[in-house]
Amino acid sequence: IVWRPVDRRENYVKRCVGLPGDNLLISDRNLYINGQLIEAPEHIQFNYFVETTKAFTEKTFQTLGVSKSDYEYSMVSTDWKRMLQYQSNEDGSYNFVYKLPLTAAMKSQLEKRNDVVSIKLEDERFGGRTYPQTKADNKWTRDNYGPIHIPAKGETIELNADNIDLYAQIIRNYEGNKLEYSGDDIKINGEAASKYTFKMDYYWMMGDNRHNSADSRYWGFVPEDHIVGKPIFIWLSLDDDKEGFFNRLRTERIFKRIHND
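Going by my numbering, the sequence shown opens with residue 38, and the numbers climb by one from there.
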């Protein structure tokens, strides 16, 4: 799905994983919709710390399928190695450690290499603060989020101190109301409110590069009037790691249909 973030200045292409009226939960990186586990996309990626006995070359990254933008600044500093509790060698030096977004297939390739010592999943400390950022006791993370209910047009929900932060952006910014609240004391357009009926359908978007995606876990719900369309096929695909227009052409992707599974 192609959609616009709140400022409407830039289009994003994200996977629509939650529809109006759905209940959504992310538990240990697994996505559940209405209590059912959703099969992960084939090329889903997560960040890993990869410890090696020797430095990876540019060719190694290219063979693995890691883009230059992902590996260029992937080397982990000595201070971070200590913080992540990597053990030093007898001479006090440390092995090389890279932070890389990997698919299951890429991870499997690395596990077969003799120079790879360990591969550790990047934990929740690195994920940043998730939506709604206004909720002081928000303990949700990019890997463990919810449960939440995605609003549908005409649906009425109870409002309370537990969920008002989750829906405040919708009520104020997307549906044009004046909202004031403190705990369970909630006022909409100056009137006390214990319920709210939504005027639009809302959606939940997530990127397949799950640890490097600006999506609904950080932006919140996407209203129907922010959805621009659905990508159908790729008409041009360029490899940013190569020089020269024709060398950059990724012919295996050009004019390929996008599978909207």
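Beta carbons: idealized from backbone N, C-alpha and C, even for Gly.
In the structure shown, residue 203 adopts helical secondary structure according to DSSP, grouped into three states. With at least 16 other beta carbons inside 10 angstroms of its own, residue 98 counts as buried.
For residue 211, the closest C-alpha among the options 112, 200, 239 is that of 239. Between the C-alpha atoms of residue 236 and residue 195 there is a straight-line separation of about 15 Å.
Here residue 83 is buried. Its C-beta has 16 or more other C-beta atoms within 10 Å. Of the other Cβ atoms in all chains shown, 16 or more fall within 10 Å of the Cβ of residue 263; this residue is therefore buried. Taking the CA atoms as reference points, residue 259 sits about 16 Å from residue 192.
Comparing alpha-carbon positions, the option among 183, 125, 151, 247 lying closest to residue 85 turns out to be 247.
A check of alpha carbon separations from residue 200 across 125, 178, 232, 128 identifies 232 as the nearest.
Here residue 57 is buried. Its C-beta has 16 or more other C-beta atoms within 10 Å. The straight-line gap separating the alpha-carbon atoms of residue 103 and residue 133 is approximately 17 Å. For residue 195, the enclosing beta strand (DSSP E) has its first and last residue at 193-195. Rounded to the nearest angstrom, the Cβ distance from residue 169 to residue 175 is 6 Å, consistent with a contact under 8 Å. In the structure shown, residue 47 adopts coil according to DSSP, grouped into three states.
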